[in-house]
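FYI, UniProt numbering numbers position 1 of the sequence shown as 1, with every residue one higher than the one before it. Yeah, the Cβ is synthetic: ideal placement off N, Cα and C, and Gly gets one too.
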Amino acid sequence: MMTSTPPNPETLELAEHERQRCEVWTRVMGYHRPVASFNTGKQGEFLERRHFEERRAGLQPTR
């Protein structure tokens, strides 16, 4: 079942000319760089990245 939330009258809305692009940074080889500075190939690699979370290893403490 889909539900909808009524609009909040205090929600801020900007006109298109008031909006600003968000600059995306990512970690590459140990340092951070803006994605916009990547060459075409590196931008493609960035878009193909997969995000994951590792589970904690269920190791028993050593004696």
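Here T26 is bridged, per DSSP, to R33. Looking at the backbone, the Cα of Q43 and that of F52 are separated by about 19 Å. Cα atoms of G58 and H17: separation of roughly 53 Å, rounded to the nearest angstrom. A distance below 8 Å separates the beta carbons of P34 and E23. Using a Cβ distance threshold of 8 Å, H32 and T26 count as a contacting pair.
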